[in-house]
């Protein structure tokens with residue numbers, strides 16, 4: 001008798017992916033390998049082991065990993081070097097986690113000899129695209145199963161009935177409909193759906209889980225410093241920290257001061273608009289600090305080119321093209337610019353605001369000697385400005401003359 | 001005897017431009033025409049009339065005009081349609097006022113038969129470029145005098161001595177050095193120089209003049225609505241308002257809630273970095289509201305193209321190229337996108353934050369039917385996503401196969 | 001009994017679309033409306049009428065139209081204003097015809113009360129995308145049938161058998177496999193497939209149908225002039241011509257001189273590479289002439305912005321997004337630039353080359369007075385260049401100093 | 001007595017730079033160091049040594065170097081990787097040589113302890129900008145002397161009189177006015193000025209020096225192959241060649257077949273339009289071949305990003321910003337894409353045409369299996385196209401519905 005084929009499932013340990021695990025086994029006849037990652041979502045991942053065992057999955061097929069450092073070091077920080085924000089605001093917290101999960105799914109598939117990977121994303125969202133494009137880019141022959149696009153368990157009732165029929169424990173709080181859907185990792189928590197679906201209605205305060213309401217934040221501002229080396233954060237208030245440790249510490253600060261809440265209607269890659277609520281407490285602080293250090297260490301040519309490339313770069317990540325040649329090309333350009341992005345930024349945190357109030361660097365390009373209103377001792381000859389303006393204006397004058405005379 | 005040639009001077013009524021007026025007459029032998037505009041800088045402009053008369057300028061050569069509506073309608077609002085921010089943050093408050101001033105200088109030169117215009121900008125800054133490029137683009141034969149690039153009155157002491165020698169009244173508060181330099185109009189107040197020159201030092205609170213410190217702002221949030229029609233703001237809290245009236249009303253709200261403070265190190269067109277402090281209370285609220293209404297009324301293709309064009313557009317305005325073919329081309333593209341940018345945005349103002357919390361429009365592209373987690377009655381077929389992903393991924397798979405096999 | 005639903009088919013009169021017409025009737029139970037357009041493909045379109053009648057389609061459901069002028073005026077010329085070339089070379093001859101066909105399909109559907117449209121493009125190519133995206137953009141409720149993606153008549157043998165079974169006449173030359181596949185209209189002829197599938201093999205000469213081999217072209221060059229008004233061609237050698245007449249005349253010239261052959265491996269929107277051979281005789285001449293007239297009438301700012309926007313614009317047309325907000329935005333920008341693109345270009349045609357050798361315009365921005373090596377009578381002050389260079393170089397010097405000292 | 005300060009002069013050995021050498025010594029009291037480079041301009045450079053000696057310059061201050069390999073390897077080839085063409089056509093032959101000359105000028109200044117460099121470019125052209133920006137970027141303290149912007153020897157007569165007065169030999173053919181001005185190196189020869197100043201007049205045949213007239217080229221086409229490795233040419237017709245050797249060999253082929261002539265009106269950085277004639281025989285062949293090999297080895301994402309970045313990249317080189325952070329960032333992106341740009345291109349050369357007729361690569365991304373009209377054995381599922389189109393069209397349909405209903 002032939003061995004059943006294997007599938008590696010991105011497994012959270014929750015009800016939905018437990019049903020998927022069973023369904024892949026029962027309906028598709030596959031041997032299920034589970035992969036559960038700690039990306040800083042704030043939940044214990046060890047319980048997933050017991051749940052997987054309870055479904056009869058052998059220990060060698062249960063993969064549980066702490067990927068927090070890799071996540072921040074190799075995904076979040078490189079993205080932050082670009083000052084990436086999708087559609088002007090969104091810090092891409094969900095988008096940037098998907099490629100890492102897919103990378104491990106594919107690697108575990110190779111380790112375990114699996115032909116398939118599976119995920120629990122729906123057919124309406126961006127995540128399915130991100131998971132699958134990443135997987136295809138890493139293994140062109142991998143096969144992907146997306147049960148939400150295939151099965152008929154699309155209503156809560158049907159799903160729970162199927163779970164119970166197949167001896168999957170249904171926690172009490174999962175019996176009813178959740179009032180919204182969330183995703184979380186070390187960078188952010190997103191919420192969408194149900195109570196958030198009317199974009200005219202303000203997001204109810206109970207939706208927020210990672211930040212205090214700014215109105216409840218301390219009445220006294222807090223000042224912090226972040227140190228950067230070659231474009232990446234390396235210390236908080238003078239204490240050296242690993243990438244994930246730094247981001248976690250900033251999350252605590254952001255939470256306390258109500259920083260990083262965002263209510264957005266965004267354009268999904270699959271063609272519809274959706275309304276989401278994001279909390280990116282540490283990420284918002286970090287992003288502002290990174291721009292702050294760039295202000296004094298990046299040349300204008302580099303800075304403006306980065307600003308022009310950014311929307312495309314952010315779109316690529318949002319759409320799931322992290323593992324694409326064009327994202328890598330843009331990354332090469334961005335990384336090239338970061339060699340001297342080293343120094344310290346001082347921020348003021350207060351009731352939702354993270355404001356850069358000071359920046360210094362051994363590589364500062366800011367020259368008081370040039371900019372000063374005082375005597376500049378010959379650093380700058382104001383007469384040069386006349387020629388500069390004359391030649392910048394020459395084409396405009398020729399144009400004006402043409403338009404007048406013609 | 002030949003008639004003296006005329007020069008139209010951008011005249012604020014302050015000490016510096018008064019000295020310039022006299023200098024143009026005494027040292028250059030020109031007949032001086034003064035132009036003083038109310039752009040919402042918050043100072044009376046009528047006193048400039050008396051000061052000009054006191055220097056012997058005849059009434060027919062004293063031009064005093066209220067340009068507030070034209071400024072907001074034809075300059076600020078078109079720029080806001082683009083969501084323009086220079087270097088990620090700066091709302092271009094000074095940059096956008098210069099072309100209008102130059103336009104009137106050139107028009108008055110034509111009316112009065114003047115060959116020259118003059119301004120009081122220094123040779124180190126961006127404003128000289130903006131004034132002069134605008135002027136050259138509007139009249140290729142206009143001649144520009146920029147006394148700060150020419151004369152030797154570069155120290156405060158020399159300037160005051162010259163003023164006194166020529167019977168120009170020197171107000172007491174102008175005798176000493178000002179601790180910083182400001183520019184103001186209906187959109188913003190900027191401050192730079194002196195006490196702000198060290199980018200590591202926090203801006204002292206006394207520098208701010210247009211906003212309360214967020215810490216002193218009301219402890220209770222305030223909700224407002226802004227209505228847009230075809231991309232421009234037309235009403236506040238349901239009250240229809242002209243452009244300048246709306247911006248002024250938003251300024252009051254922003255002032256009260258401490259909104260729109262920005263501490264920035266920016267790259268000047270003339271090649272150096274400078275540190276500036278900006279207050280754009282109403283502009284910050286307006287800019288966020290405009291993005292809010294675009295979220296539900298702009299198609300993704302239009303929105304993303306706008307985001308990609310924006311940095312260039314902002315750079316053009318910053319550098320003084322408002323009256324250039326390329327700015328006009330970008331404006332044509334941007335304006336084309338705004339036809340259905342109509343609707344209402346609700347914002348929460350609280351201690352420095354202006355957060356979009358709701359948006360609605362008769363032209364909304366947001367479709368609950370498509371995005372819902374609930375049954376969508378066939379609006380969207382999740383199976384389409386598979387083909388979508390497959391073909392988006394095809395090139396990545398061919399690439400992965402090539403890289404693996406080669 | 002219910003009325004059968006109607007479908008409007010893009011009908012060439014050839015075997016394939018005749019089979020589709022019958023198949024839509026027999027297999028899908030639809031009432032077929034045929035639409036045959038003369039886009040300058042060089043074949044008579046009237047025979048399509050007899051063939052449609054022979055299949056029992058009533059005259060009121062047979063639409064035969066000459067769209068050549070609309071095609072060139074509203075599609076080809078606007079695209080040429082952008083100097084659009086896909087992937088550096090391809091003049092988009094097929095891509096630009098599809099939106100017009102879809103536009104008429106949808107309009108005829110509305111006139112005849114049809115719910116469906118149908119086309120004969122395969123599931124591997126770009127044309128299906130172009131037809132369908134155009135249709136969806138013009139009527140969100142239109143339903144599209146693409147038989148090549150659905151049926152099992154995918155082999156030549158099966159198709160012919162089905163045709164004969166259903167009394168469709170199969171011309172002798174269609175019994176065997178064609179050695180390649182072509183598409184033609186007034187702008188170009190494309191060929192692909194079969195003998196062209198190996199990109200290392202030179203295209204056999206018998207594939208070309210619109211141009212003589214350059215080796216067989218006249219040994220004596222021919223000089224022509226093209227006149228432009230506001231960015232569009234209006235006359236050839238001084239004779240005013242309509243858009244389609246002008247393009248047809250240029251086609252004859254290009255054919256004679258072997259101009260506009262292109263052998264390309266291109267990237268399809270659906271994710272694969274394909275090798276195509278294009279002949280665009282008149283289009284190549286026109287495209288070079290348009291750049292020629294822009295050289296003296298467009299300001300640098302406008303010209304460079306156009307060059308930067310062009311690849312995106314060309315990609316949108318190639319991918320089928322003619323009727324998209326972002327293409328229209330780019331068109332608005334491009335059209336804004338063409339107001340003074342008026343004048344005359346002289347070209348030399350010789351054995352495959354179309355070289356601009358002269359250009360003149362009443363709106364020329366070229367100023368001999370400025371550029372001359374001779375005495376320029378003060379038009380340009382060479383000393384201005386020093387300040388221009390100094391300030392352009394300032395940031396580079398600050399950077400070099402930083403990098404050296406740090 | 002103080003030592004005189006030194007200046008390193010870019011010295012061709014011709015009349016103009018000989019006058020400059022003497023002028024720097026006589027009028028500015030500087031000790032002159034000459035630098036003469038062989039960049040493949042096609043003239044002997046050794047005679048410059050005798051001429052420098054004749055002016056009394058000691059041997060240790062006469063630098064004569066063959067830079068051809070460095071020029072092609074480190075400047076021309078990297079630029080060709082980008083497919084750079086300025087304003088759609090110009091292969092940047094002059095622009096790309098200037099940074100290398102400046103680099104050596106600055107290095108020699110450091111070796112010899114010179115504070116100054118000098119060049120013979122005029123104040124109207126781009127070359128002064130290129131020389132000086134490059135120099136400032138490499139040494140922020142270098143001082144530049146541009147005699148043509150300073151002296152009064154601006155007429156031919158004055159220059160010759162000065163030369164004779166200072167015992168500089170004036171060759172007979174330099175006594176009169178040259179009918180045009182040229183610049184040459186291994187990549188191209190440019191001509192401009194005088195007889196070329198009217199852009200309506202065809203360039204006289206005697207202006208061309210590097211190519212035969214296509215009408216005089218062989219009547220029989222010649223086929224060649226060029227091999228690329230990682231984006232750079234490495235062999236011609238199977239013979240491995242160094243960069244400069246390859247370009248020189250292509251120049252011979254291009255000369256023979258009349259390839260690479262270009263008549264252009266271009267926009268100078270200093271604000272005016274100029275008309276130039278370029279001959280780039282080998283460069284034109286090479287540029288087409290490079291695009292040919294990219295067609296099968298570059299992914300679409302990489303290829304399209306390159307096309308979008310190219311105009312900016314070309315503009316930077318044209319304007320003199322080779323040694324700028326933004327050019328280096330773009331180069332990093334471009335170079336990242338070239339890793340698999342390896343393979344062979346076959347071209348047909350005939351009377352001015354260099355046509356790619358075949359390309360092959362061990363890293364080809366072209367998949368006959370996918371693109372074929374024949375049975376593709378399941379490589380591609382045509383049904384995927386439906387979902388792909390549906391979701392690409394979703395936003396357009398929502399937009400059409402909104403526009404119809406609103």
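Chains as they are written, first to last, in the UniProt record's numbering: chain A, 1 to 406; chain B, 1 to 406; chain C, 1 to 406; chain D, 1 to 406. No residue lacks a Cβ here, since even glycine has one placed at the ideal position from N, Cα and C.
Boundaries of the alpha helix (DSSP H) around residue 282/A: 281 to 297. Rounded to whole angstroms, the Cβ separation of residue 61/B and residue 112/B is 7 Å, and the two are in contact under 8 Å. The beta-carbon of residue 270/B is placed less than 7 Å from the nearest beta-carbon of chain C. Of all alpha-carbon atoms in 266/A, 287/A and 286/A, the one lying nearest the alpha-carbon of residue 277/A is that of 266/A.
By the rule that beta-carbons nearer than 7 Å mark a contact, residue 362/B does not touch chain C. At a cut-off of 7 Å, the C-beta of residue 52/B has no neighbouring C-beta in chain D. Residues of chain A with a Cβ closer than 9 Å to the Cβ of residue 388/C are, in chain order, 384, 387, 388, 389, 390, 391 and 392. Of the residues assessed, residue 338/B falls on the buried side of the cut-off, its CB having 16 or more other CB atoms within 10 angstroms. Around the beta carbon of residue 3/C, fewer than 16 other beta carbons sit within 10 angstroms, so the residue counts as exposed. If you draw a 10 Å sphere on the C-beta of residue 237/B, you find fewer than 16 other C-beta atoms in it, and that means exposed.
Taking residue 26/D as the centre and dropping the five residues before and after it, the same chain places the C-beta of 166 closer than 8 Å to its C-beta, in chain order. CA-to-CA, the gap between residue 5/A and residue 110/A works out to about 13 Å. Residue 302/A carries a helical assignment under DSSP once its states are collapsed to helix, strand and coil. The segment 5 to 61 of chain B contains, as complete beta strand (DSSP E) runs of 3+ residues, the segments 6 to 10 and 31 to 38 (chain order). Residue pairing by DSSP puts residue 236/B in a beta bridge opposite 226/B and 239/B. For the C-beta of residue 370/C, the chain D residues within less than 7 Å are, from N- to C-terminus, 272. DSSP places residue 175/C in the coil class of the three-state scheme, outside both helix and strand. As the crow flies, the alpha-carbon of residue 47/B is around 7 Å from that of residue 13/B. Against residue 402/C, the close residues of chain A are 340, 363, 364 and 365, in the order they occur along the chain (beta-carbon pairs closer than 8 Å).
The Cβ atoms of residue 86/B and residue 333/B lie no closer than 7 Å to each other.
Nearest in C-alpha terms to residue 227/D, of all of 387/D, 345/D, 349/D and 41/D, is 345/D. Taking a cut-off of 8 Å for Cβ pairs, the segment 180 to 195 of chain A and the segment 214 to 233 of chain A do not touch, as fewer than three such pairs fall below it. Proximity of residue 327/B to chain D, defined by a Cβ-Cβ separation below 7 Å, is not satisfied. Within chain C, no residue has its beta carbon less than 8 Å from that of residue 378/A; the closest one is some 13 Å off.
Given a length threshold of 3 residues, each whole run of the beta strand (DSSP E) inside the segment 100 to 147 of chain D is given here in chain order: 116 to 118 and 143 to 145. Taking C-beta atoms as the reference points, residue 142/D and residue 35/D fail to come closer than 7 Å. Between the alpha carbons of residue 229/D and residue 133/C lies a gap of roughly 40 Å. Straight-line measurement puts the Cα of residue 69/A at about 45 Å from the Cα of residue 359/D. Taking 3 residues as the minimum length, the beta strand (DSSP E) runs contained wholly in the segment 59 to 87 of chain A are 62 to 66, in order along the chain. Under the rule that a run must span 4 or more residues, the alpha helix (DSSP H) segments found entirely inside the segment 322 to 346 of chain A read 325 to 337.
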